[in-house]
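What follows is a set of notes on a single structure, which appears directly below.
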Amino acid sequence: MAVRYFALTIGLIYTAAGILGFIPALVATPQETPAYMATVGVTTGFGYLLGLFPVNIVHNIVHLTFGIFGIAAYAINERVSRLFSDTLAVWFGLLGVLGLIPVANTVFGIMPAFGNDVWLHLGTAAVAAYFGFFRDSGYLFSDPQQAEQFEKSSN
Numbered sequence: 009m010a011v012r013y014f015a016l017t018i019g020l021i022y023t024a025a026g027i028l029g030f031i032p033a034l035v036a037t038p039q040e041t042p043a044y045m046a047t048v049g050v051t052t053g054f055g056y057l058l059g060l061f062p063v064n065i066v067h068n069i070v071h072l073t074f075g076i077f078g079i080a081a082y083a084i085n086e087r088v089s090r091l092f093s094d095t096l097a098v099w100f101g102l103l104g105v106l107g108l109i110p111v112a113n114t115v116f117g118i119m120p121a122f123g124n125d126v127w128l129h130l131g132t133a134a135v136a137a138y139f140g141f142f143r144d145s146g147y148l149f150s151d152p153q154q155a156e157q158f159e160k161s162s163n
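Okay, so the sequence shown: first residue is 9 according to the working numbering, each after it adds one.
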């Protein structure tokens with residue numbers, strides 16, 4: 009059940025972040041757009057959400073998409089919530105690692121991946137990996153004996 013509440017919580021947070029990113033009063037517009045965003049990136053709606061997180065229109069849509077999927081996963085069942093958590097861990101982990109590479113400050117020039125976004129994505133990926141891959145790992149098996157053997161071998 010915890011994985012469902014995780015999916016709901018993350019869904020609500022990222023849906024809110026996606027919506028807030030479209031409100032101009034909450035997005036601080038920088039004095040000048042970073043050179044790498046201006047040359048190869050989508051600069052529409054570029055700014056810093058709450059003055060902290062670099063966003064643009066594509067980034068807001070990605071946040072909305074993952075948020076809505078999280079809420080939907082909660083509404084469906086635990087298995088879908090676990091799949092959502094697994095997927096979130098992988099994709100946000102990749103986004104976070106991409107943000108750690110100094111020359112890759114965007115995701116293929118489409119959305120920013122630098123600054124506070126890096127730790128936000130890596131933190132989200134770590135928690136999602138916990139709920140998706142490790143928490144209640146016995147549910148991965150249809151046979152209860154397999155789950156018991158797995159638990160014994162991991163301890």
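Backbone N, C-alpha and C define an ideal beta-carbon position, used for all residues, glycine too.
Model, not experiment: these values are computed from the prediction.
- For ALA24, the CB contacts under 8 Å within the same chain, skipping 5 residues up- and downstream, are GLY75 in chain order.
- Just so you know, the alpha carbons of THR17 and ASP94 end up roughly 15 Å apart.
- DSSP, reduced to helix, strand and coil, places PHE142 within a helical segment of the structure shown.
- Spatial neighbours of HIS71 in its own chain (CB-CB distance under 6 Å, excluding positions within 5 residues in sequence) are listed in chain order as TYR22, ALA25 and GLY26.
- Counted as a single uninterrupted DSSP element, the stretch harbouring PHE30 is not any alpha helix (DSSP H), since DSSP gives it neither H nor E.
- For a cut-off of 8 Å, the C-beta gap from GLY19 to GLY78 is around 3 Å, short enough to register as a contact.
- Nearest to GLY55 by C-alpha distance, out of PHE122, ALA136, LEU128 and PHE141, is PHE122.
- Distance check between GLY29 and each of GLU40, LEU91, GLY59 and PRO42 places GLY59 closest, using alpha-carbon atoms only.
- Note on geometry: alpha-carbon atoms of GLN39 and LEU102 lie some 29 Å from one another.
- THR52 sits close to ASN64, with the two beta carbons spaced by under 8 Å.
- For PHE100, no beta strand (DSSP E) encloses it; the enclosing alpha helix (DSSP H) starts and ends at 86-108.
- In the DSSP assignment, VAL135 falls within the alpha helix (DSSP H) that extends over 124-137.
- Between the alpha carbons of PHE14 and PHE141 lies a gap of roughly 13 Å.
- Rounded to the nearest angstrom, the Cβ distance from LEU108 to ALA136 is 18 Å, too far for a contact under 8 Å.
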